[in-house]
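The block underneath contains the structure these notes are about, expressed in structure tokens.
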Amino acid sequence: MDISFSLIINAIAAGLLLGGFYAAVTAGVSISFGMLDIVNIAHPAFIILGSYIAYFFNANYGVDPILVSIIALPAFYALGAAVYQVYYQAFERRGQESLRGLAFFFGLLFVTEVSLILVFGVDYRYVEAAYIGPSIHIGVIDVPLRMVVPCVVSLLLFGAIQLFVTRTFIGRAIMAVSQDQMALQLMGVDPIKIKRVAFGISIATAAVAGALLIIIQPVEPSVGREYIGRVFAICVLGGLGSMPGTLIAAMLLGVVESLTSTFYGPSWAPAVAFGLLLLTLAFRPAGLLGR
Amino acid sequence: MNRVNTAKFALITIAVGALVMAFAHWMHVDYLYFASYTILQFIVLATAWNILGGYCGYVNFGSAAFFAMGAYSSVFIHKFHPLPVPVLIVIGGIVSGMVGFGMGYLTLRLRGSFFAIATLALAVVLQTLVVNWDFVGGSRGAYIIRPEELEFAGITVNYIEYLFALMLLLTVIALVTARTIERSQLGFGFATIRDDELAAEASGVPTLRLKLIATSLSGAFMGMAGAPFPYYIGYLQPSSAFGLEYAVNSIAMPMIGGTTSWVGPLVGAVLLGSAQQYATVTISSAVNLLIVGLMLVAFVIIAPNGLVGLVQERLRAWRRPS
């Protein structure tokens with residue numbers, strides 16, 4: 001009885017840390033899908049791209065993966081802004097985002113994944129840093145630092161985004177665009193510009209999320225696919241566009257997944273997120289904190 | 292082309308099918324059967340995808356899941372008692388059709404993008420189930436020993452030729468179905484959903500029922516395409532049955548060919564399918580998938596109505612000299 005109790009406590013602790021990391025992974029989709037209504041299913045592919053950039057500089061020059069991702073932020077922002085520009089010109093302006101826009105992002109996802117396979121191969125890659133390996137013990141709880149560091153960085157990132165969207169002018173404009181684009185236009189703000197900025201930020205978070213991912217686990221190009229379900233499950237469960245809801249949902253999914261893999265085996269874990277997503281869509285499509 | 296009625300069209304397609312069959316028999320190269328089987332399979336998948344995606348405007352990313360459901364129902368039944376492949380095709384179609392119906396019932400009351408995401412989710416849930424299900428081989432996969440030949444009414448037929456003929460028949464059925472839908476009231480109903488679902492609902496179109504018909508039909512055809520697959524490949528494992536290439540190809544082919552009519556998926560599947568067969572043999576399978584992805588992105592940006600749309604524009608400009 002005692003053993004299974006500490007097992008449960010450990011599984012929950014690991015789940016909370018995992019959930020913290022999921023929050024960083026979902027932050028970008030929460031902006032693009034939740035606020036801008038752009039179904040960017042290629043987001044996980046950008047995360048994997050971030051992982052490989054962190055891997056490349058870590059393996060060749062020994063730079064800390066998180067530092068690499070912060071340096072890469074402007075590049076990812078520019079990439080995001082460029083992708084939005086293409087998306088707007090080709091689909092949104094003509095009102096064709098539903099069918100062709102989705103196919104466009106699906107194509108991007110595919111092209112990114114296959115390109116990474118061609119450049120780096122299908123082997124698992126990992127990074128090296130001081131905090132990968134040791135773990136800390138608090139009573140019966142035993143947590144590896146490689147989970148703690150990503151969770152902390154992820155929560156910092158999440159807090160920064162939350163402050164940005166609630167306190168700054170551009171952040172509030174992003175919220176406004178998600179509520180009423182026409183009204184924003186009447187206030188003399190260019191909604192397309194705001195959306196471009198927001199989408200850029202959304203892709204920029206992928207750089208950090210990617211670096212955190214490769215700290216937590218070895219990465220190969222198709223790992224991203226598992227995250228498609230996770231990010232959208234969290235996003236929908238949390239209530240579209242609600243940052244606090246996203247955080248709660250991420251933690252919840254982390255704990256449920258961790259308990260599942262502890263008691264039923266890791267091969268069942270991927271189904272949890274998707275099962276949760278299907279259930280949410282079927283029974284409470286507005287999400288936990290939905291409007 | 293509008294003067295050709297459904298019966299005539301069916302006869303023409305069957306005649307073309309018979310010609311293809313006769314040609315393949317005359318060439319008598321086994322590799323030709325293997326390669327063309329794959330292309331035919333993609334025609335069925337692309338046509339099935341287009342019934343929901345092109346006619347109704349609902350994107351299905353889970354084609355691989357429906358395909359694999361068909362393939363795995365064959366494996367499941369094979370473990371009990373080997374049945375003739377045509378029966379398996381019907382069973383695969385029923386299973387996948389039911390999955391399509393359930394899927395649609397759960398998500399189609401929501402906005403379109405939720406349906407798309409849910410189909411992605413479905414693929415992973417089903418793959419996890421199959422990986423953990425030892426009866427059908429689990430992650431190790433399942434072997435199905437295909438007989439070399441088949442005795443049929445006193446004639447021995449090469450088994451691969453037999454599978455090829457079945458797939459050809461299935462292709463004909465899929466194309467005739469798609470074309471019939473396009474010209475029927477059902478097709479007009481689908482088109483109203485694609486163009487403006489709210490307006491359609493308001494004018495009394497039973498949108499939910501129509502969408503459920505579309506998901507079930509589309510799923511059923513994908514399942515039927517998958518049912519003979521274990522016999523064709525001989526060894527079925529989850530990662531090949533749920534392969535991303537089925538999902539991406541069944542979207543890319545109609546998008547590149549053109550989504551508004553049955554011709555688009557056919558043209559797209561024949562072009563992309565043959566190009567891929569060629570590229571897999573000569574270059575590598577990773578590069579060929581990259582090409583498919585790039586073509587998909589390029590076509591959705593540059594040619595929104597696909598190759599068929601481009602040709603139609605040309606014809607219109609040519610008929611109306613300025």
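Those protein sequences? They're chains A and B, same order as listed.
Numbering-wise (the working numbering), the first sequence opens with residue 1 and increments by one.
Numbering-wise (the working numbering), the second sequence opens with residue 292 and increments by one.
Glycine residues also receive a C-beta, built at the ideal position from the N, C-alpha and C atoms.
Any idea what DSSP makes of residue 284 of chain A, helix, strand or coil?
Stepping through the first sequence from its first residue, residue 284 of chain A is reached at position 284. Correct three-state label for residue 284 of chain A: coil.
So the beta strand (DSSP E) residue 475 of chain B belongs to, where does it begin and stop?
On the second sequence, position 184 is the one that residue 475 of chain B refers to. From DSSP, residue 475 of chain B is part of no beta strand (DSSP E); its letter is neither H nor E.
Just tell me which of B/422, B/380, B/450 has its CA closest to the CA of residue 316 of chain B.
In the second sequence, the residue the question calls residue 316 of chain B occupies position 25. Nearest of B/422, B/380, B/450 to residue 316 of chain B, Cα basis: B/450.
Just verifying my parser: in three-state terms, what is the DSSP assignment at residue 574 of chain B?
In the second sequence, residue 574 of chain B corresponds to position 283, counting from 1. It is coil, neither helix nor strand.
My guess is that residue 467 of chain B and residue 300 of chain B are in contact by the Cβ rule of under 8 Å, so how many angstroms apart are they, rounded?
Translated into the one-based positions of the second sequence, residue 467 of chain B becomes position 176. Translated into the one-based positions of the second sequence, residue 300 of chain B becomes position 9. 6 Å between Cβ atoms; contact.
Touch test, the region 201-209 of chain A against the region 243-258 of chain A, Cβ-Cβ under 8 Å, three pairs minimum:
no
Candidates B/335, B/298, B/331: closest to residue 312 of chain B by CA position:
Here residue 312 of chain B corresponds to residue number 21 of the second sequence, with the count starting at 1. Closest option to residue 312 of chain B, Cα to Cα, is B/331.
Pick from B/472, B/536, B/414, B/496 that is closest to residue 296 of chain B, judged by C-alpha positions
Taking the first residue of the second sequence as 1, we reach residue 296 of chain B at position 5. Closest by alpha carbon: B/472.
For residue 437 of chain B, the three-state DSSP class (helix, strand or coil)
Counted from its first residue, the second sequence places residue 437 of chain B at position 146. Coil at residue 437 of chain B, not helix or strand.
Return no unless some Cβ of chain B is closer than 8 Å to the Cβ of residue 76 of chain A.
Here residue 76 of chain A is taken as the residue at index 76 of the first sequence, counted from 1. No, because no Cβ of chain B sits closer than 8 Å to the Cβ of residue 76 of chain A.
Can you tell me the Cα-Cα spacing of residue 236 of chain A and residue 281 of chain A, whole angstroms?
Position 236 of the first sequence, counted from the first residue, corresponds to residue 236 of chain A. Position 281 of the first sequence, counted from the first residue, corresponds to residue 281 of chain A. Each residue's alpha carbon lies about 8 Å from the other.
Would the region 213-227 of chain A and the region 39-57 of chain A be scored as touching if the rule is three or more Cβ pairs under 8 Å?
yes
The region 361-376 of chain B in contact with the region 509-524 of chain B per 3-pair CB rule at 8 Å
yes
Using the beta-carbon of each residue, which ones in chain B are nearer than 7 Å to residue 281 of chain A?
Sequence index remark: in the first sequence, residue 281 of chain A carries index 281 (1-based). By Cβ distance, chain B contributes 397, 398, 401, 405, 409.
According to DSSP, simplified to helix, strand and coil, what is residue 144 of chain A?
Here residue 144 of chain A is taken as the residue at index 144 of the first sequence, counted from 1. Three-state result, residue 144 of chain A: strand.
For the region 398-418 of chain B against the region 226-233 of chain A, do three or more pairs of beta-carbon atoms, one drawn from each stretch, fall closer than 8 Å, so that the two count as touching?
yes
Around the Cβ of residue 347 of chain A, are there at least 16 other Cβ atoms within 10 angstroms (buried) or fewer (exposed)?
Nothing in the structure corresponds to residue 347 of chain A, since chain A is present only between 1 and 291.
With DSSP collapsed to three states, give me the class of residue 292 of chain B.
Stepping through the second sequence from its first residue, residue 292 of chain B is reached at position 1. Here residue 292 of chain B scores only 47 on pLDDT, less than 50, and its place in the model should not be relied on; the value that follows carries that caveat. Coil, per DSSP.
Residue 240 of chain A by DSSP, collapsed to three states: which one?
Looking up residue 240 of chain A in the first sequence gives position 240. Coil.
Where do the ends of the beta strand (DSSP E) carrying residue 447 of chain B lie?
Counting from 1 along the second sequence, the entry for residue 447 of chain B is found at position 156. Run containing residue 447 of chain B: 446-449, per the beta strand (DSSP E) assignment.
From the DSSP output, in three-state form, read off residue 161 of chain A for me.
For the purposes of this step, residue 161 of chain A is identified with residue 161 of the first sequence, where counting begins at 1. Three-state DSSP puts residue 161 of chain A in a helix.
Straight-line Cα distance separating residue 112 of chain A from residue 573 of chain B:
Counted from its first residue, the second sequence places residue 573 of chain B at position 282. Counted from its first residue, the first sequence places residue 112 of chain A at position 112. Distance between the alpha carbons of residue 573 of chain B and residue 112 of chain A: 23 Å.
To be precise: take each residue of the region 545-559 of chain B, compare its Cβ to all Cβ atoms of chain A, and keep it if any distance is under 9 Å. Which residues remain?
546, 550
Going by the DSSP bridge assignment, what does residue 431 of chain B pair with across the sheet?
Counted from its first residue, the second sequence places residue 431 of chain B at position 140. Answer is none; residue 431 of chain B lacks a bridge partner.
Span of the alpha helix (DSSP H) around residue 509 of chain B
Walking along the second sequence from the start, residue 509 of chain B turns up at place 218. Start and end: 498-517.
Could you confirm whether any beta carbon from chain A is found closer than 8 Å to the beta carbon of residue 415 of chain B?
By 1-based counting over the second sequence, the position of residue 415 of chain B is 124. Chain A contact via Cβ: present.
Would you mind working out which of B/356, B/488, B/323, B/434 sits nearest residue 347 of chain B, comparing C-alpha positions?
Numbered from 1 along the second sequence, position 56 holds the residue referred to as residue 347 of chain B. Checking every option, the nearest Cα to that of residue 347 of chain B belongs to B/488.
Would the beta-carbon of residue 533 of chain B fall within 8 Å of that of residue 356 of chain B?
As a position in the second sequence, residue 533 of chain B is number 242, starting the count at 1. As a position in the second sequence, residue 356 of chain B is number 65, starting the count at 1. A contact, by the Cβ cut-off of 8 Å.
Can you name the residues of chain A whose CB is closer than 8 Å to the CB of residue 540 of chain B?
If you number the second sequence from 1, residue 540 of chain B lands on position 249. Those do not exist, as residue 540 of chain B stays about 10 Å from chain A at its closest Cβ, beyond 8 Å.
Any C-beta of chain A within less than 7 Å: which residues of the region 472-498 of chain B qualify?
none
Step through the CB atoms of chain B and report whether any lies within less than 8 Å of the CB of residue 45 of chain A.
In the first sequence, the residue the question calls residue 45 of chain A occupies position 45. With 8 Å as the cut-off, residue 45 of chain A does not count as an interface residue toward chain B.
So, for residue 155 of chain A: in the same chain, excluding its five sequence neighbours on each side, which residues have a beta-carbon less than 6 Å away from its beta-carbon?
Numbered from its first residue, the first sequence carries residue 155 of chain A at position 155. Closer than 6 Å at the Cβ level, and outside the excluded window around residue 155 of chain A, lie 20.
So, under 8 Å CB-CB, residue 116 of chain A and residue 221 of chain A are touching, yes? Tell me the CB distance rounded to an integer number of Å.
Reading the first sequence from its first residue, position 116 is the one you call residue 116 of chain A. Reading the first sequence from its first residue, position 221 is the one you call residue 221 of chain A. With a Cβ gap of about 4 Å, residue 116 of chain A and residue 221 of chain A count as contacting.
Under 8 Å between C-beta atoms, does residue 108 of chain A make it to chain B?
Indexing the first sequence from 1 puts residue 108 of chain A at position 108. Yes, its Cβ sits closer than 8 Å to a Cβ of chain B.
Chain B contact residues for residue 36 of chain A, given Cβ-Cβ distances below 7 Å:
Position 36 of the first sequence holds residue 36 of chain A. Correct list: empty, because the minimum Cβ distance to chain B is about 12 Å.
Could you say if the region 58-71 of chain A and the region 127-141 of chain A meet the contact criterion of at least three C-beta pairs nearer than 8 Å?
yes
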